[in-house]
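Chains as they are written, first to last, in full-length UniProt numbering: chain A, 1 to 399; chain B, 1 to 399.
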């Protein structure tokens, strides 16, 4: 019996594929700091749990395929607060940001169509491209340039008649890069001129530091019809396990098409939507405090990384990731070595090897993604383990 | 800007597309009995809500992509009780039965591959076939034969080298047909001989009446590697809104592939899984009582339909649907007419026109699906409305 080509082409997640090594390390009694996955350690606001506990009904029925009215009503003022005016029809609730993106891609792309995307990009995107047989056309960006975009001319060069959309993550997973207003305007004018969509994954919208002038694609004029925003409560409210995401777009025809997919899976879990509606009413202060906490963590990690010889990184403007070039022969081997053979006082570290975040063969081989999702003390210990590990690793490439 | 061919090909759900007519009828003050959708009116067992309310944690984190251990552990004895022995690795928790089927189809089918399926079939299947560009090869079944299967030779004739699987719903949505053990054995031997998969949607497993000898594909020997079971708590425990389903298979390679898709969407909502785990521990008695309630409803509807001149149906063995041939020119027109122009004492009825459940053009044009998911009194009133409506409908085809 044969499986589909599309599933056979799908690779395992680089974020999770080394988990068996971490499990073995734990079995041997080692403590493992998990900086490989974007799972925050911040408490989910109590409002979520209170709302769920107060939910009272006899029958847990199918809810509307586009999302429950309470949640949609709560989301509208959230966007308004950022200068974006959306109506109810512009919003579809999904099973997390991942379903939001999957449905968006299915609505736009046939097999063999081109997607343009800055590289490196979130590894789960790649899995979706593989299973939908979408052709990836990367915009090359580099750690030395803080993963910022090349010129408009460079981007225009790679757009073909088969290009359906440019997908960006802003601020970026895995890079932490927040694009400047100029970069956003450049992408907007390319999309407008070429008649293609911008899919803007903005799940880290609140994770921008140093009072940077962050521009959501929802605020850019004259390209309303081209813009599709992917959103989620996972990181914003530290509620990854709720699986509540959003598709937001003013393009009516797109929304009609994406809604068909929502209908096929009938509805999103209702209790989680009720909790999410409460989260969107959480005082803005909560988001500020979380932002300050992550800024502190980013700075701790930056100071630590800067002190390690041979390590290349720039201080990222947002999200909670670093893409770091290490002085090692192979980042995956190094991560496995850390788990299998190394420890500092019985403790070690797990990171995500970065080659899975690149489309271009051979890129990212000496890079890792570090998620700074632990508290100050654990981060300091983790960075010390990395520093000591780099000194001892047999495959170190510089002295 | 162009949308994908696959999304453009997708039709709207026949179960939901007439909802705007129902809404207009309600705005005019009419009461509408909804027999168009399989949303039971039975209370969700309290165990679900109690478990959710007792859930205590600080952070709602990603849970394992294959499902939480508590739920998987609760599901294993449930199957054992029906004579099916599955291990943890044979089970993947999904966002409802719909995601279970979508992931299964993606794992097996490339564009243009053949799926063999008895017609009529659940309309949402069709949407999935359309968006995945799977070629549908229907096994024709008829209301006059209670939608039972043709001979083995007839089925074998339509299997091609491009056939990846036979998909059945047993007991069936929309037909209510429960296949005999002989039919199941026939399908099993076809699958074994031709080296193809059986995808068996058994979400209505407990909805089989008259002590019929129901055979789950999980109990059939020697074809373990060919069988994939689609399951869900939606109907079993009247928890449609929870969106908890299952993929169950002993084929390790299939499970490895389907798991990749689970990883891409990270996890299923955790609270709902905790509730579902509690549901699987609900005393077996609950399922018996629900079964008796539906059997009563089935019999009420059968008696009513049998008394209507020109109506053709057989008493179904299971699920909670009737596929009924009506003496009308066009079932969709008739359903719209009932909503727009007809009432009995201010009340009317909504059913699902059946052409959307057929692949073959022109079939089902004078058929409807009736879900008997209301209480005795409402069902009696609904049947009376149908009877009176059929008498008055201008497009009636027989006198």
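Beta carbons: idealized from backbone N, C-alpha and C, even for Gly. Given the structure is predicted, the values throughout are model-derived calculations rather than measurements.
query                                                                                                                  : result
Residue from 336/A, 331/A and 143/A whose Cα sits closest to the Cα of residue 354/A                                   : 331/A
Three-state class that DSSP yields for residue 81/A in the structure shown                                             : coil
Other residues of its chain near residue 104/A: CB distance less than 7 Å, five sequence neighbours each side excluded : 199, 228, 230, 247 and 258
Assumed close pair residue 235/B, residue 268/B - CB separation to whole angstroms, cut-off 8 Å                        : At roughly 18 Å, the Cβ-Cβ gap does not stay under 8 Å, so residue 235/B and residue 268/B are not in contact.
Pairwise C-alpha distance: residue 225/A and residue 5/B                                                               : 20 Å
Under 8 Å between C-beta atoms of residue 302/B and residue 315/B                                                      : yes
For residue 34/B and residue 18/B, the rounded distance between their alpha carbons                                    : 11 Å
Rounded straight-line distance, which links the Cα of residue 340/A to that of residue 24/A                            : 8 Å
Cβ-based contacts, 8 Å cut-off: residues of the stretch 87-112 of chain A near chain B                                 : 95, 96, 98, 99, 102, 106, 107, 108, 109, 110 and 111
Touch test, the stretch 61-75 of chain B against the stretch 90-108 of chain B, Cβ-Cβ under 8 Å, three pairs minimum   : yes
Identity of the residues DSSP links to residue 267/B by a beta bridge                                                  : The partner list for residue 267/B (beta bridge, DSSP) is empty, contrary to what the question assumes.
Exposure label - residue 82/B; buried when at least 16 CB within 10 Å                                                  : exposed
Chain A contacts from the stretch 20-42 of chain B (Cβ-Cβ distance under 8 Å)                                          : 37, 39, 40, 41 and 42
Boundaries of the beta strand (DSSP E) in which residue 249/B is found, first to last residue                          : 245-249
For residue 143/A, the nearest candidate out of 240/A, 294/A and 312/A (CA to CA)                                      : 312/A
Beta strand (DSSP E) segment containing residue 210/A, residue limits                                                  : That residue, residue 210/A, is in no beta strand (DSSP E); it is neither H nor E in DSSP.
Buried versus exposed call for residue 130/B [16 or more other C-beta atoms within 10 Å across all chains shown]       : buried
Proximal residues to residue 164/A (C-beta, below 8 Å), its chain only, five neighbours per side dropped               : 108, 109, 113, 114, 115, 196 and 197
Amino acids of chain A, ordered along the chain, whose beta-carbon sits closer than 9 Å to that of residue 59/B        : 39, 40, 41, 42, 43, 44, 238, 239, 240 and 241
Short CB-CB distance (under 8 Å) between residue 7/A and chain B                                                       : yes
DSSP state of residue 169/B mapped onto helix, strand, coil                                                            : strand
Test item: CB-CB of residue 42/A and residue 361/A under 8 Å                                                           : no
Sub-8 Å separation of residue 75/B and residue 280/B beta-carbons                                                      : yes
Beta carbon proximity, residue 264/A to chain B, threshold 8 Å                                                         : yes
DSSP-derived helix/strand/coil call for residue 16/A                                                                   : coil
Residues bridged to residue 425/A (per DSSP)                                                                           : Any answer about residue 425/A is impossible in this case: the structure gives chain A only from 1 up to 399.
Pair within 8 Å by beta-carbon distance, residue 48/A and residue 275/A                                                : yes
Buried versus exposed call for residue 80/B [16 or more other C-beta atoms within 10 Å across all chains shown]        : exposed
First and last residue of the uninterrupted alpha helix (DSSP H) at residue 307/A                                      : Taken as a continuous stretch (DSSP letters only), residue 307/A belongs to no alpha helix (DSSP H), as it is neither H nor E.
Beta bridge counterpart(s) of residue 388/A as assigned by DSSP                                                        : Answer is none; residue 388/A lacks a bridge partner.
Cutoff 6 Å; reference residue 78/B; Cβ partners in own chain excluding five residues on either side                    : 280
Minimum C-alpha distance to residue 289/A - residue among 261/A, 266/A, 237/A and 397/A                                : 237/A
Endpoints, the beta strand (DSSP E) within which residue 197/A is located                                              : 197-201
Contact list for residue 330/A against chain B, beta-carbon separation under 9 Å                                       : None at all; the shortest Cβ gap to chain B is about 23 Å.
Below-8 Å beta-carbon distance, residue 220/B vs any chain A residue                                                   : no
8 Å Cβ cutoff met for residue 320/B and residue 286/B                                                                  : no
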